[in-house]
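Residue 1 is where the sequence shown starts when you use my numbering, and the numbers rise one by one after that.
The structure appears below as structure tokens.
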Amino acid sequence: MKLVSPGEAAANTNNMSVEAGEELVRIGEMAKKYGVTLRTLRFYEDKGLLNPKRDGATRLYTRRDKARLKLILLGRKVGFSLRDVKQMMDLYDPTGSNTKQLRLALDKSEKQLARLQKQRALIDDAINELSGSMSAVRQMLSERSAPASAAG
Numbered sequence: 001m002k003l004v005s006p007g008e009a010a011a012n013t014n015n016m017s018v019e020a021g022e023e024l025v026r027i028g029e030m031a032k033k034y035g036v037t038l039r040t041l042r043f044y045e046d047k048g049l050l051n052p053k054r055d056g057a058t059r060l061y062t063r064r065d066k067a068r069l070k071l072i073l074l075g076r077k078v079g080f081s082l083r084d085v086k087q088m089m090d091l092y093d094p095t096g097s098n099t100k101q102l103r104l105a106l107d108k109s110e111k112q113l114a115r116l117q118k119q120r121a122l123i124d125d126a127i128n129e130l131s132g133s134m135s136a137v138r139q140m141l142s143e144r145s146a147p148a149s150a151a152g
């Protein structure tokens, strides 16, 4: 691994190259690119979701880490727990068919979709209730303000 000078780093948006041609990204660039905090990246590392390389105290994220972070963020966006996300990612085998991983992902996704649809129905009901209440309040206000303006 070679570190680049500050000038080179600025020119290369803080990407780092290694002999194998793999680009490594520092934690700050990774956080900025994916809209997360440094603390979030460290937390995901502590939970075993990410495994950046180290050069001293510097965390260097690989293409694999970037892909895993995208999956983590997608999983969180659709409501999966970090435990679920980790469980699905840990089944990945770059040399295998990943049938077990795909089945687990599909099973968890079907269950999550059902939860989200139930939540949507509850939210739709709440919106309808609130809209109805607001209409009633508007009606009361219009009834009460009409005589006051006619009397004035």
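Where is the CB? At the ideal position from N, CA and C, for every residue including glycine.
Could you tell me the alpha carbon to alpha carbon distance between residue i and residue j, rounded to whole angstroms?
{"i": "Ser131", "j": "Val78", "result": "27 Å"}
{"i": "Arg59", "j": "Arg26", "result": "6 Å"}
{"i": "Ala126", "j": "Gln119", "result": "10 Å"}
{"i": "Ala136", "j": "Asn128", "result": "12 Å"}
{"i": "Arg103", "j": "Tyr61", "result": "28 Å"}
{"i": "Gln117", "j": "Asp84", "result": "19 Å"}
{"i": "Gly75", "j": "Ala114", "result": "15 Å"}
Closest to residue i by C-alpha separation, out of the options, would be which residue?
{"i": "Leu69", "options": "Gly96, Lys33, Glu110, Ala146", "result": "Lys33"}
{"i": "Phe80", "options": "Tyr92, Arg64, Gln112", "result": "Gln112"}
{"i": "Ala57", "options": "Arg42, Arg63, Ala67, Arg64", "result": "Arg42"}
{"i": "Leu50", "options": "Arg39, Asp65, Val36", "result": "Asp65"}
{"i": "Asp46", "options": "Glu23, Ser145, Lys86, Arg144", "result": "Lys86"}
{"i": "Ala67", "options": "Leu24, Lys100, Thr37, Gly96", "result": "Leu24"}
{"i": "Tyr92", "options": "Arg76, Leu71, Ser109", "result": "Leu71"}
Looking at the secondary structure, which residues open and close the beta strand (DSSP E) in which residue i lies?
{"i": "Asp93", "result": "Where Asp93 is concerned, there is no enclosing beta strand (DSSP E), given that its DSSP letter is neither H nor E."}
Along the chain, where does the alpha helix (DSSP H) that runs through residue i open and close?
{"i": "Glu22", "result": "Run containing Glu22: none; DSSP gives neither H nor E here."}
{"i": "Thr40", "result": "38-46"}
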